[in-house]
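Okay, so here's the structure we're looking at.
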Amino acid sequence: MEKFFILLKKKGINYFIKNNKITINGNVDLYHTNIKTLPNNLSISGHLNLAHSHIEELPQNLTIGGNLNLNYTHIQTLPDNLSVGGNLYLAYSDIKTLPNTFFVEEI
């Protein structure tokens, strides 16, 4: 998880941790980065762009207020408790199945 926090610092993205939950107010653009994992209990009020990244799996209790872009990633599954307030983009990803319980506002 250290790599995630280093990327946030490098991009000037502020976050806070309370009750073991990481909250980011705004968008997080990790386009074309070599990030492989994200921390559990992550909440982002805006969009999360992971397109063309090396992300391998999404964490438990991931909440995105805006769009989640997973285009051109090697993600194969989504966590059951994923919540996306906007669009979910999966073009040219390796997604094989969708979970039984997840929430996307717009598809």
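Letter by letter, the sequence shown follows residues 1466 to 1572 in my numbering. Beta carbons: idealized from backbone N, C-alpha and C, even for Gly.
- Query: Can you tell which of N1546, D1545 and H1519 has its C-alpha closest to the C-alpha of N1534?
  - Reply: H1519
- Backbone CA spacing between V1493 and I1509 [nearest angstrom]: 8 Å
- Message: Under DSSP, the alpha helix (DSSP H) around K1468 begins and ends at which residues?
- Response: E1467 to K1475
- Message: Judging by CA-CA distance, which residue of T1498, F1469, H1497 and F1568 is the nearest neighbour of I1489?
- Response: F1469
- Item | Bounding residues of the beta strand (DSSP E) (the contiguous stretch that carries T1498) | Note, T1498: premise wrong, no beta strand (DSSP E); not H, not E.
- T1538 burial status per 10 Å Cβ neighbour count (16 or more: buried): buried
- Message: On a Cα-Cα basis, can you pick out the residue from H1497, K1474, N1506 and K1501 that is closest to I1482?
- Response: N1506
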